[in-house]
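Scroll down for the structure; my scribbles are underneath it.
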Amino acid sequence: MFDLKLLPEHKIVQVNNDGKRHYEVDGEVVKFDSVTTFLGKYSDKESLELWRHNVGDAEADRIANEARVRGNTIHGYLEQFVLGEQFEPLECVNNYNAIKKCLVDNLSVVYGIEYKMYSKDMLLAGTTDLIGVYNGKLSIIDFKGSNKIKRLHYIDNYVIQTLIYAKMLKELHGMDVEQLVILIAVDGVELAQEFVIPKSKFVYYERELGYKFKKREKRKNDEQ
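Every letter in the sequence shown is one number past the one before it in our numbering, and letter 102, counting from 1, is 103.
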């Protein structure tokens with residue numbers, strides 16, 4: 002269904018220390034923070050802490066674990082689908098179909114699916130959901146699940162995450178991403194929400210990412 006032009010794989014070894022993920026790349030002993038760890042560490046946690054307080058720790062842990070399992074399931078199905086493998090989805094079928102329809106309608110070329118990358122400039126490593134041509138433009142595409150409708154200003158970290166992967170793609174392969182795409186499968190909704198951020202809008206998220214790098218630098222200086 003899709004034109005698979007898969008990029009070569011990078012040798013990236015995941016290392017877990019005290020429950021935190023780091024990566025070693027291309028045999029180098031320099032450790033890279035994972036993208037998700039970096040974003041979690043240097044983002045505003047006030048709203049998350051308020052939510053945990055309101056629902057209670059036990060319920061918050063249950064919801065988080067449920068979301069993690071759902072996300073892993075959807076990602077696994079979509080990887081198989083994009084690669085043209087035959088399978089029958091048994092769980093999260095509606096969520097899977099919601100994102101699948103967006104891909105069928107808009108995706109043409111695939112350069113990477115669950116593709117591992119890193120950046121020596123940013124000292125980060127991670128796995129992007131999908132690199133491909135979406136609506137005729139080279140895109141970093143991210144899959145998410147949710148139990149309620151999202152608005153763009155709720156998902157800044159999702160966009161920043163895809164921006165980081167766009168920077169990695171440029172650093173490693175010289176490919177210029179033209180847009181960032183966030184596809185969110187919402188429980189009970191037939192079609193996934195589609196957020197498309199064109200390159201002209203990257204500047205806002207570049208600024209937010211810069212603030213996070215400054216926080217990281219300050220923390221490192223404080224710890225020395």
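Beta carbons: idealized from backbone N, C-alpha and C, even for Gly.
Quick caveat: nothing in here was measured; it's all calculated off a predicted structure.
Under the three-state DSSP convention, the category residue 148 falls into:
coil
Nearest-angstrom Cα distance between residue 100 and residue 220?
Their Cα atoms are separated by approximately 38 Å.
Mapping DSSP to helix, strand and coil, what is residue 131?
It is a strand residue.
Going straight from the alpha carbon of residue 164 to that of residue 181, what length do you get?
Note on geometry: alpha-carbon atoms of residue 164 and residue 181 lie some 7 Å from one another.
Applying the 10 Å Cβ sphere with the 16-neighbour rule, what's the burial state of residue 126?
By the Cβ-count criterion, residue 126 is buried, with 16 or more other Cβ atoms from all chains shown falling within 10 Å of its own Cβ.
Residue 199 to residue 179 span [Cα, whole Å]:
6 Å
Among residues of its own chain, excluding the 5 on either side of residue 92, which ones have a beta-carbon nearer than 6 Å to its beta-carbon?
74
Boundaries of the beta strand (DSSP E) in which residue 27 is found, first to last residue
No beta strand (DSSP E) holds residue 27; DSSP gives it neither H nor E.
In angstroms with no decimal places, state the Cα-to-Cα distance between residue 97 and residue 104.
11 Å
Distance between residue 24 and residue 222 (C-alpha atoms, nearest Å):
22 Å
Judging by CA-CA distance, which residue of 44, 107, 66 and 203 is the nearest neighbour of residue 215?
44
Within 9 Å, strictly: CB atoms of residue 132 and residue 84
no
Any idea what DSSP makes of residue 169, helix, strand or coil?
helix
Closer than 8 Å is the cut-off here; do at least three beta carbon pairs connect the segment 145–153 with the segment 169–176?
no
Are the Cβ atoms of residue 155 and residue 143 separated by less than 9 Å?
Cβ distance not < 9 Å, so residue 155 and residue 143 don't count as in contact.
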